[in-house]
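Worksheet: one structure, shown below.
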Amino acid sequence: MELVQSKNAIMRFLKLSFVGVVIFSVFSFTCLGLYMNNKSHEAFHKIGNIYLSGTSEQISKHFESVIQLRFNQVEGLVSVVSSEEWEQEDLYQELAYRANVRGFAYLALCAPDGTMETLSGKPIQPLNPEPFTQALVDGERRVAIGADEDGKQVVLFGVDANYPMPQGGASTGLVAAVPLEYITEFLSLDGEDQMMALCIVRNDGTFVIENDNMCLGDDSQRLPELLSPYPGAQDLTYRMEDFDQALENNQTYGAVVSVGGEEEKLYSVPLSNSEWNLISIMPNNQINDVLDTLNVQRTRFTVLACLSVLTLMILIFARYFQMSNAQIKELEKSRQEASAASKAKSEFLANMSHDIRTPMNAIVGMTAIATAHLDDLEQVKNCLRKIALSSKQLLGLINDVLDMSKVESGKMTMTAENISLKELFDGIVSIMQPQINAKGQHFEVHVDKVRTENVVCDGVRLNQVLLNLLSNATKYTPEGGRIQLSLWEEVSPKGDNFAQTHIMVTDNGMGMSPEFQEKIFEAYSRADSARTQKIEGTGLGMTITKYIVDAMGGTIQLQSQLGKGSQFHLTFDFEKAPVTEVNMVLPPWNMLVVDDDAFLCESTIEVLKTFGIHAEWTLSGEKAIEMAVERHNRGADYQIVLLDWKLPGMNGIQTARKLREHLHEEVPILLISAYDWSEFEAEAREAGINGFISKPLFKSTLFYNLRKYVNKEEAQEESPQQGAEFTGRRILLAEDNELNWEVAKELLSDLGAALEWAEDGKYCLEKFEASPAGFYDLILMDLRMPRMTGYEATAAIRKSAHPDAQKIPIIAMSADAFPEDVQRCLESGMNGHIAKPVDPEALAKQVERYWK
Amino acid sequence: MNLKECYLQFGGDYESVLGRLRREQLVEKFMLKFLEDKSFAQFEAAMASGNYEEGLRAVHTLKGVCQNLSFTALYESSNQVTQAMKNHDYAKAMEMAPRLSEDYHRLIQAVEDYRRSGEE
Numbered sequence: 003m004e005l006v007q008s009k010n011a012i013m014r015f016l017k018l019s020f021v022g023v024v025i026f027s028v029f030s031f032t033c034l035g036l037y038m039n040n041k042s043h044e045a046f047h048k049i050g051n052i053y054l055s056g057t058s059e060q061i062s063k064h065f066e067s068v069i070q071l072r073f074n075q076v077e078g079l080v081s082v083v084s085s086e087e088w089e090q091e092d093l094y095q096e097l098a099y100r101a102n103v104r105g106f107a108y109l110a111l112c113a114p115d116g117t118m119e120t121l122s123g124k125p126i127q128p129l130n131p132e133p134f135t136q137a138l139v140d141g142e143r144r145v146a147i148g149a150d151e152d153g154k155q156v157v158l159f160g161v162d163a164n165y166p167m168p169q170g171g172a173s174t175g176l177v178a179a180v181p182l183e184y185i186t187e188f189l190s191l192d193g194e195d196q197m198m199a200l201c202i203v204r205n206d207g208t209f210v211i212e213n214d215n216m217c218l219g220d221d222s223q224r225l226p227e228l229l230s231p232y233p234g235a236q237d238l239t240y241r242m243e244d245f246d247q248a249l250e251n252n253q254t255y256g257a258v259v260s261v262g263g264e265e266e267k268l269y270s271v272p273l274s275n276s277e278w279n280l281i282s283i284m285p286n287n288q289i290n291d292v293l294d295t296l297n298v299q300r301t302r303f304t305v306l307a308c309l310s311v312l313t314l315m316i317l318i319f320a321r322y323f324q325m326s327n328a329q330i331k332e333l334e335k336s337r338q339e340a341s342a343a344s345k346a347k348s349e350f351l352a353n354m355s356h357d358i359r360t361p362m363n364a365i366v367g368m369t370a371i372a373t374a375h376l377d378d379l380e381q382v383k384n385c386l387r388k389i390a391l392s393s394k395q396l397l398g399l400i401n402d403v404l405d406m407s408k409v410e411s412g413k414m415t416m417t418a419e420n421i422s423l424k425e426l427f428d429g430i431v432s433i434m435q436p437q438i439n440a441k442g443q444h445f446e447v448h449v450d451k452v453r454t455e456n457v458v459c460d461g462v463r464l465n466q467v468l469l470n471l472l473s474n475a476t477k478y479t480p481e482g483g484r485i486q487l488s489l490w491e492e493v494s495p496k497g498d499n500f501a502q503t504h505i506m507v508t509d510n511g512m513g514m515s516p517e518f519q520e521k522i523f524e525a526y527s528r529a530d531s532a533r534t535q536k537i538e539g540t541g542l543g544m545t546i547t548k549y550i551v552d553a554m555g556g557t558i559q560l561q562s563q564l565g566k567g568s569q570f571h572l573t574f575d576f577e578k579a580p581v582t583e584v585n586m587v588l589p590p591w592n593m594l595v596v597d598d599d600a601f602l603c604e605s606t607i608e609v610l611k612t613f614g615i616h617a618e619w620t621l622s623g624e625k626a627i628e629m630a631v632e633r634h635n636r637g638a639d640y641q642i643v644l645l646d647w648k649l650p651g652m653n654g655i656q657t658a659r660k661l662r663e664h665l666h667e668e669v670p671i672l673l674i675s676a677y678d679w680s681e682f683e684a685e686a687r688e689a690g691i692n693g694f695i696s697k698p699l700f701k702s703t704l705f706y707n708l709r710k711y712v713n714k715e716e717a718q719e720e721s722p723q724q725g726a727e728f729t730g731r732r733i734l735l736a737e738d739n740e741l742n743w744e745v746a747k748e749l750l751s752d753l754g755a756a757l758e759w760a761e762d763g764k765y766c767l768e769k770f771e772a773s774p775a776g777f778y779d780l781i782l783m784d785l786r787m788p789r790m791t792g793y794e795a796t797a798a799i800r801k802s803a804h805p806d807a808q809k810i811p812i813i814a815m816s817a818d819a820f821p822e823d824v825q826r827c828l829e830s831g832m833n834g835h836i837a838k839p840v841d842p843e844a845l846a847k848q849v850e851r852y853w854k
Numbered sequence: 003m004n005l006k007e008c009y010l011q012f013g014g015d016y017e018s019v020l021g022r023l024r025r026e027q028l029v030e031k032f033m034l035k036f037l038e039d040k041s042f043a044q045f046e047a048a049m050a051s052g053n054y055e056e057g058l059r060a061v062h063t064l065k066g067v068c069q070n071l072s073f074t075a076l077y078e079s080s081n082q083v084t085q086a087m088k089n090h091d092y093a094k095a096m097e098m099a100p101r102l103s104e105d106y107h108r109l110i111q112a113v114e115d116y117r118r119s120g121e122e
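So the sequences go chain by chain: B and W. Here the first sequence is numbered in the numbering used here, starting from 3 and rising by one per residue. Here the second sequence is numbered in the numbering used here, starting from 3 and rising by one per residue.
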């Protein structure tokens, strides 16, 4: 609950802070955008104003300097041509000539009354004669607009000059003129791509030179009246009175005006030597366009930046949210796992204490009963038997728990040793038989296509696994059920040095529910329904089994159905153990195999074929008799019969009895069985059965059991033929202890061997060196002897110059049976090792190879 | 006291030894012969003089004899001493020596008793 609450709090905090950040960033970016817009607007207008006024002043300066230049030319003319030097006619010609040279198209003299005497070009007249004449009379320079007699506009430059007039009297000024284009072109007033438009007005506001680009409309009106204030202007609001006054007083003036509805900037500069003012008008929308583009771009970038910051924030938040969510889930999961595990452990402990208490109670109780009936031998025996049983059960439990603690601490290790699957299976079958027999269950062992009987693995652990699976199968299968153990081999994907071994344990017992199958390999779990309550166990067996199988690099697969049974399939890739190849060949007998299991028959026939034996098989005793009779009549009897003990209908012993009636007495009938035959051995022998072979039928099992019948005279007895092998053999025995020597001598002499005693290694070496070639057949060597140890003596013998130095078999005979001791023996040059007490059979097996 | 009871008394495995030697007379012969075996005396002498190598050899031989004659109890104690000595753990060997001695003398005592009962 706390976790959920804290999770909600975190969620709320995350959501709120997320919304807060979004709002804050939108707000701050908006403010920034607006503020920047405003500021840039202002800055642009300021720049526009500065530009406009600066440009206007520049143009006015330029204009003034151009006008000044012209005045200077006219004044120069006046100063050069003096009225005293020339006659009147010549004077006029001289003036006209010089004016022409200076580029004036017109020249005239102006009388004080304003009349104009033309000296050159067409007659000209100022448009507004009074102020012009008045200025000349006052001795000032004056520039003004005039027109010639054709109406073409010209610019007049008038300077003070005193020349005789043709009609008498003196002139008040000399007036030179150039066409109006001179100014308009020079000032580029009508340039079309110009950003600003220029025009010239008089002090009263009337136009001197207008400009069509201005689009003012009616140019007969005064300029101040044509303009009106722009409604949205923030400053420099236009007022007609201010503009008029500025024009009147020859002052500059600037304002924002509306021309044809457009926002424009107006700037006015007075021009000297005239009543003119230079007016410049610049459309504000050009600046505004630039500004707008800028604003749009900036706004776009601002929004973009805002969006990307937000996106980044969202991503970070989302990721963080995801991560914290995952973490919370993980936490929750591990908490649940931990609590489940601790629950399972406490349940396990409860079960365990119950499981331990039950046998303990039995032990305590039985001990008490036994004590009370000390004189009743039967009672005490019975009690002891039960105590032993309970102790065994308790020991099993404790072993499981210890194994489990090893598994949990990872300390269970596997050893690699050479084991024989045949011996392992023989052992398992003999261990399981009593349990299975007690419950009256059918037990089948199938061995098929096993080429590799010796493998490298941890035999003890593999044994443990199989016993666990089989005892489970017995436990959970009702009486009369069926339990099957199968073994087969396939080609290993790991290469030729490996054999893939499959082992399958199948029963037709109570089976498992799918839910339980999922957790069967988990620790401390048990099928805990009522039906299993009476079956003791810790529930650790399968966990340990799984762990061992995993540690061996194998797999375990489970198939089970409730009420139908279970099947465990183990697969291992075992390394093949090095094995001395025995040539497994037997005479080409005709054999009959009788078993109710067709599978077993076929695989046995396959194996027999590899020995060179021709065999037939059948499933029932009745059929077997038929076949034997048919053969007998043909005169081609079976030479050996393998007979299963448990057969449907007529059983093995009954069949054998019938077969004996038809078969020659010498034909061996062998009983094959997975059961302990001690119970029915007497009956079987009486029925004419010669021997027993225990299932599972490995290749080697069959070979060594059948080989006994190669020589038919010996077939009747199972006694070993080793006696014959020792007959006439001379053995040198190195042994420092007299008693040990005597025991060995007694044993081996019995078998027909002649023994000689060497008291230690040194004597042994000396005796061997002194013997003629081929004298001794074998040296038996004790290891720990005074003067010279067995190892040293062996090494010395092998190095000696004796002809048998390399050939003679030397077998160690020692109380030490540790692998490292055996290894050391082989290294020093011995051929084998047997442990004390001396066992003639084991010795015979060892020397068999060397005495061929 | 018969031979089987004697084996039972000193903790030996009569079935096993008879299985190997096959004849009761042989078992009896070797058992009585053990009274003359010097291994244990050699062991004690070697240990007393601190000659551990010789001690190990002697106790090892004793162990081998026990195996041959199925003197199970004495085999156990002699084997433990042998292992300890092999690992050069002489302190442990000395610690276990009294048990070995006890087992040895119990065996000797039993065999002596058996011989006497036979002579009577």
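Glycine included, C-beta positions come from ideal geometry on N, C-alpha and C.
Alpha helix (DSSP H) containing residue i: first to last residue?
i, result
"asparagine 251 of chain B", "Here asparagine 251 of chain B belongs to no alpha helix (DSSP H), and DSSP marks it neither H nor E."
"arginine 463 of chain B", "461 to 477"
"arginine 100 of chain B", "90 to 103"
Relative to the C-alpha of residue i, which candidate in the options has its C-alpha closest?
i, options, result
"glutamine 443 of chain B", "B:Trp278, B:Ala676 and B:Ser8", "B:Ala676"
"tyrosine 232 of chain B", "B:Glu266, B:Ala352 and B:Ile211", "B:Glu266"
"serine 622 of chain B", "B:Leu749, B:Cys603 and B:Ala684", "B:Cys603"
"glutamate 91 of chain B", "B:Val103, B:Leu121 and B:Arg104", "B:Leu121"
"histidine 571 of chain B", "B:Glu822, B:Arg731, B:Asn327 and B:Trp490", "B:Trp490"
"asparagine 39 of chain B", "B:Gln253, B:Gly22, B:Arg302 and B:Leu229", "B:Arg302"
"asparagine 205 of chain B", "B:Gln502, B:Asn275 and B:Cys385", "B:Asn275"
"aspartate 752 of chain B", "B:Leu767, B:Asp509, B:Lys701 and B:Pro842", "B:Pro842"
"serine 41 of chain W", "W:Glu30, W:Glu56, W:Gly14 and W:Arg22", "W:Glu56"
"asparagine 456 of chain B", "B:Arg387, B:Lys578, B:Asp498 and B:Asn470", "B:Lys578"
"valine 745 of chain B", "W:Leu71, W:Ala95, W:Val113 and W:Arg108", "W:Leu71"
"proline 495 of chain B", "B:Phe574, B:Ile289, B:Thr545 and B:Glu524", "B:Phe574"
Quick check on residue i: does DSSP put it in helix, strand or coil?
i, result
"leucine 333 of chain B", "helix"
"glutamate 720 of chain B", "The predicted model places glutamate 720 of chain B with a pLDDT of 39, which falls under 50 and marks its position as unreliable; any figure quoted below should be read in that light. Residue state, collapsed to three classes: coil."
"isoleucine 671 of chain B", "strand"
"leucine 273 of chain B", "coil"
"asparagine 707 of chain B", "helix"
"aspartate 39 of chain W", "coil"
"tryptophan 591 of chain B", "coil"
"glutamate 715 of chain B", "Since pLDDT at glutamate 715 of chain B reaches only 37, below the 50 mark, its modelled position is unreliable, and no value is offered."
"glycine 730 of chain B", "coil"
Considering only their Cβ atoms, is the gap separating residue j from residue i smaller than 8 angstroms?
i, j, result
"valine 258 of chain B", "glutamate 59 of chain B", "no"
"valine 403 of chain B", "valine 467 of chain B", "no"
"alanine 76 of chain B", "phenylalanine 159 of chain B", "What sits at residue 76 of chain B in the sequence shown is valine, not alanine. Yes, these two residues count as a Cβ contact at 8 angstroms."
"lysine 424 of chain B", "threonine 703 of chain B", "yes"
"serine 55 of chain B", "glycine 256 of chain B", "yes"
"aspartate 153 of chain B", "proline 128 of chain B", "Contrary to the premise, residue 153 of chain B reads as glycine rather than aspartate in this sequence. For glycine 153 of chain B and proline 128 of chain B, no; Cβs fall outside 8 angstroms."
"isoleucine 485 of chain B", "phenylalanine 518 of chain B", "no"
"threonine 508 of chain B", "glycine 567 of chain B", "yes"
"valine 1 of chain B", "cysteine 112 of chain B", "Nothing can be reported for residue 1 of chain B, as the shown portion of chain B is limited to 3 through 854."
"leucine 649 of chain B", "valine 595 of chain B", "no"
So the beta strand (DSSP E) residue i belongs to, where does it begin and stop?
i, result
"tyrosine 108 of chain B", "108 to 112"
"aspartate 150 of chain B", "144 to 150"
"serine 122 of chain B", "118 to 122"
Taking residue i and residue j to be in contact with their CB atoms under 8 angstroms, please state how far apart those CB atoms are, rounded to whole angstroms.
i, j, result
"valine 849 of chain B", "leucine 749 of chain B", "So it is not a contact: roughly 14 angstroms between Cβ atoms."
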